[in-house]
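Chemist: What follows is a single structure, and I will ask about it in a moment.
Numbering (our numbering), first residue to last: 149 to 479.
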């Protein structure tokens with residue numbers, strides 16, 4: 149049986165006020181009685197708060213009772229004590245109802261509906277999660293069929309194809325990882341980016357993209373090999389190990405070819421730059437030679453021609469000086 153705090157307080161306080169009213173003497177009501185009446189009115193106001201019309205009706209009755217008491221007795225203290233009692237009744241009833249009503253009253257229909265819908269959603273989500281997980285678990289059983297993998301080491305041709313041999317119908321085609329037969333026009337490089345690149349740069353970018361795909365497949369094989377070893381499937385683990393090595397070799401080969409093309413491009417650029425520099429040096433040296441030759445010709449034209457003096461007079465002097473002087477006779 150449901151039990152609420154507000155009706156119990158309302159009945160109990162009303163009974164006490166009725167007993168006091170029956171046993172009341174000719175004396176005016178005391179301050180305690182006024183506060184008790186105010187508390188009873190506050191309990192009634194709080195209990196009627198669930199309905200707006202009832203709240204307005206009870207509030208109007210309390211105001212009319214206060215005005216009647218004030219006009220009859222002209223006692224402001226009595227009116228103030230009644231108002232204080234009303235406030236205490238509203239606040240106290242609200243606190244007690246919030247503490248004790250959840251324990252002594254059954255859950256409402258709305259809360260039951262909410263709890264049932266929540267439990268239904270939880271149950272449904274658990275079933276959905278189990279339905280999603282079961283196929284994954286069944287696909288990862290140790291006795292699952294092995295997959296055939298075909299691989300060619302050439303970068304220019306060949307492909308890596310992984311086809312599951314599961315007899316169950318599949319909605320999509322078998323997984324095919326065509327790494328080595330992909331060129332720059334099939335999605336490895338965007339068309340906008342490829343339009344702004346040279347043919348050699350497109351080849352290098354395609355090789356880098358193939359190396360990245362091979363690296364991702366290599367990591368996938370490594371993780372699946374760990375899972376196969378944990379499940380005890382040694383045959384699948386050995387197959388995945390071989391695929392891991394092949395993808396690793398493919399990745400290294402793509403990187404090696406891309407590096408070789410980069411070196412070749414850099415060498416060609418260096419050769420072109422050296423050739424241009426040598427041509428510039430040759431042209432500059434030829435220009436200097438021509439300028440020097442022109443200057444020599446101009447200087448030779450401007451200087452006068454002078455004949456070299458004949459050394460006859462000097463020879464005569466030398467011959468005359470070489471003749472012996474005449475000796476004077478001795479006296």
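Just so you know, even glycine gets a beta-carbon here, dropped at the ideal spot from N, CA and C. Source: prediction; values computed, not measured.
Below 8 Å on the Cβ atoms is my contact criterion, and I expect residue 366 with residue 388 to pass it. Report the Cβ-Cβ distance as a whole number of Å.
Modeler: So it is not a contact: roughly 10 Å between Cβ atoms.
Chemist: Three-state secondary structure (DSSP) at residue 380?
Modeler: The answer is coil: DSSP assigns residue 380 none of H, G, I, E or B.
Chemist: With residue 234 and residue 210 assumed to form a contact (beta carbons below 8 Å), what rounded beta-carbon distance in angstroms separates them?
Modeler: Yes, they are in contact, since the Cβ atoms of residue 234 and residue 210 sit about 6 Å apart, within 8 Å.
Chemist: Please state whether DSSP places residue 345 in a helix, a strand or coil.
Modeler: Three-state result, residue 345: coil.
Chemist: Residue 391 by DSSP, collapsed to three states: which one?
Modeler: If DSSP states are grouped into helix, strand and coil, residue 391 belongs with the helices.
Chemist: Rounded C-beta distance between residue 108 and residue 241? I'm assuming under 8 Å.
Modeler: This structure leaves residue 108 out entirely; the chain is present only between 149 and 479.
Chemist: Roughly how many whole angstroms lie between the Cα atoms of residue 213 and residue 188?
Modeler: About 13 Å.
Chemist: Determine the DSSP secondary structure at residue 434, reduced to helix, strand or coil.
Modeler: Note: residue 434 maps to helix in three-state DSSP.
Chemist: Which full runs of the alpha helix (DSSP H) of 4+ residues lie inside the stretch 178-238, going along the chain?
Modeler: Qualifying alpha helix (DSSP H) stretches, in chain order: 179-195, 200-221.
Chemist: Should residue 219 go down as buried or exposed, given a rule of 16 or more other Cβ atoms within 10 Å for buried?
Modeler: Residue 219 comes out exposed.
Chemist: Between residue 375 and residue 243, what straight-line distance do the alpha-carbon atoms span, to the nearest angstrom?
Modeler: If I take the Cα positions, the gap works out to 60 Å.
Chemist: Do the stretch 159-170 and the stretch 200-207 meet, that is, are 3 or more Cβ pairs less than 8 Å apart?
Modeler: At 8 Å Cβ cutoff, the stretches do not touch.
Chemist: Could you check what DSSP says for residue 247 in three-state terms: helix, strand or coil?
Modeler: Residue 247 falls in the helix class under three-state DSSP.
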